[in-house]
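Asks:
Numbering (full-length UniProt numbering), first residue to last: 1 to 525.
(1) Where does residue 76 fall in DSSP's three states?
(2) Can you tell me whether residue 118 is buried or exposed? The criterion is at least 16 other CB atoms within 10 Å of its CB, across all chains shown.
(3) Apart from the five residues just before and just after residue 330, which ones in its own chain have a Cβ nearer than 8 angstroms to its Cβ?
(4) Between the C-alpha atoms of residue 168 and residue 124, what's the straight-line distance to the nearest angstrom?
(5) What residue range does the beta strand (DSSP E) around residue 225 cover?
(6) Starting from the Cα of residue 92, find the closest Cα among 61, 171, 109 and give me that residue.
(7) Is it true that the CB of residue 76 sits closer than 7 angstroms to the CB of residue 56?
(8) Could you give the first and the last residue of the continuous alpha helix (DSSP H) run that contains residue 212?
(9) Spatial neighbours of residue 89 within its chain, please: CB distance less than 8 angstroms, with the 5 preceding and 5 following residues excluded, ordered by chain position.
(10) Along the beta strand (DSSP E) that carries residue 37, what are the first and last residues, could you check?
(11) Which residue comes first and which comes last in the alpha helix (DSSP H) that contains residue 52?
(12) Quick one: what's got a C-beta closer than 8 angstroms to residue 349's C-beta in the same chain, skipping five residues either side?
(13) Name the DSSP beta bridge partners of residue 483, please?
(14) In the DSSP output, which residue or residues are listed as bridge partners for residue 135?
(15) For a test of the three-state rule: what should DSSP assign to residue 118, helix, strand or coil?
(16) Tell me where the alpha helix (DSSP H) around residue 263 begins and ends.
(17) Using CA coordinates, which residue listed in 279, 340, 219 is at the minimum distance from residue 325?
(18) Would you call residue 526 buried or exposed, if buried means 16 or more other Cβ atoms sit within 10 Å of its Cβ?
(19) For residue 20, which three-state DSSP category applies?
(20) In whole angstroms, what separates the C-alpha of residue 162 from that of residue 181?
(21) Residue 201 by DSSP, collapsed to three states: which one?
(22) Along the chain, where does the beta strand (DSSP E) that runs through residue 95 open and close?
(23) Taking only three categories from DSSP, how would you classify residue 446?
(24) Out of 101, 100, 130, which one is the CA nearest neighbour of residue 108?
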């Protein structure tokens, strides 16, 4: 807001609004008009009684809103202040965001006009049962409440609640029974499936207005597939991002068939844009996953789905731009089904592709083209990390690739002829890396990078002809003794690169092979 507009607004508001805008006011005692209705202030490290003066006598105060500056630490509120603030029974907006409060008094239930309650970033462990008496509550914010374990049991009474923001509440054990009665609910960041008497998936059935992001966790507690069907996720057309999480335990016995049935019934609406499956214990994915009807799906992630032996046919998703596959220890190869048999151009819009910690992945690294069909035409970033058994060759044709990161793939042979758009290249721990010209001669002038089975790296020619846009190069190898084959190559590469990093090379003796030979001859003489 422009300063002049702000000044005009404050002038028009008169004594009904008061804003503490400056950090210098934190430790000053303030005097407030008896006509004050709305108060906002910069939260201090310790806000005591002195700062707020006679605020407690203003019974018609409607807004109490602390403002947190960026990068500020959690603050403290004097213990005697909270009970006094809760006596201001005309409050509509009440925020304690970022204060280190361990417990919220039951008297919060007396704020019968309250519409907005923000407890984000506090250290409360339970939500008082009296909160369920706030029948006019419209928004309840509990984000980043790391210690929050339980919500109030009768939360279903808050029938006017539109927004329950409870993201990053990692200690929350379950949702209360009856939360399905909140049919006006539009925002529900996290739904934790109860184990015994807690809320089940069927509570989601009537929450048809949900939109934005929804994370359903502790799905291992779902014992009956029909409960997942009753959730009716396919009717929640306003959801844009969905996370499905199974919690991993060391001694947890998986029920693979049940988990397969649960995931099959949790098919979302085709309007979904971002989807993540984590900890899934089924042996295969449902047939709907990867269907081209999900025409708006942009981001897809598979994490720690340890029992699956194959990936679904995601290559035919028309709008997919970002794909991550992590921690799938039983996947050994990527077959034709990964690309999608019915897709004329597999992954037509994919921009970033990441494979990480696929311990048993042995062969068939995705190729840029096959049988005249171009794959990954728009791929800009490719990362392959810690896939120790991966063999085969690197994609031959990735015209749009700008960033390439390959680390911890001891058996991988990287052999490509040209990456014209490459700007950043990081490679470490591979068996062999060959950059070769179109003629295929490794020793030709255009041969750029070679790593043999002894993990020695050398640059046999200038980088510029084959990688004209390369700006950053990072090299790492344990057995490397030199890098450049000649002084000419060293000078050309140093001039064309913006950043060169050589790390973890304990046996490096010289940058240029010729200097290394000279040093050896001097030793013999």
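All C-beta atoms in this analysis are idealised placements derived from N, C-alpha and C, irrespective of residue type, glycine included.
Note that the structure is a prediction, hence the values are computed from the model and not measured.
Replies: On the basis of the data shown:
(1) Taken through DSSP and simplified to helix, strand or coil, residue 76 comes out as strand.
(2) Buried, because 16 or more other Cβ atoms sit within 10 Å of the Cβ of residue 118.
(3) Around residue 330: 306, 307, 308, 309, 360.
(4) Their Cα atoms are separated by approximately 14 angstroms.
(5) Taken as a continuous stretch (DSSP letters only), residue 225 belongs to no beta strand (DSSP E), being part of the alpha helix (DSSP H) at 225 to 230.
(6) Checked all of 61, 171, 109; the closest Cα to residue 92 is 61.
(7) In this structure, residue 76 does not lie closer than 7 angstroms to residue 56 by Cβ.
(8) Residue 212: not part of any alpha helix (DSSP H); member of the beta strand (DSSP E) spanning 212 to 217, first to last residue.
(9) Annotation for residue 89: 59, 110, 111, 112, 113 place their beta carbon closer than 8 angstroms to its own, counting only its chain and skipping 5 residues before and after.
(10) From DSSP, residue 37 is part of no beta strand (DSSP E); its letter is neither H nor E.
(11) Element bounds for residue 52: 49 to 52.
(12) Same-chain partners within the cutoff: 318, 319, 320, 321, 378.
(13) The partner list for residue 483 (beta bridge, DSSP) is empty, contrary to what the question assumes.
(14) Beta-bridge pairing links residue 135 to no other residue.
(15) Correct three-state label for residue 118: strand.
(16) Residue 263: member of the alpha helix (DSSP H) spanning 256 to 265, first to last residue.
(17) Nearest of 279, 340, 219 to residue 325, Cα basis: 279.
(18) No answer is possible for residue 526: the residues shown for the chain start at 1 and end at 525.
(19) Residue 20 sits in a strand when the DSSP states are folded into three classes.
(20) C-alpha separation (whole angstroms): 12 angstroms.
(21) Three-state result, residue 201: helix.
(22) DSSP places residue 95 in the uninterrupted beta strand (DSSP E) bounded by 93 to 95.
(23) Note that residue 446 scores a pLDDT of 29, beneath 50, so its modelled location is shaky and nothing firm can be said.
(24) The candidate whose alpha carbon is nearest that of residue 108 is 130.
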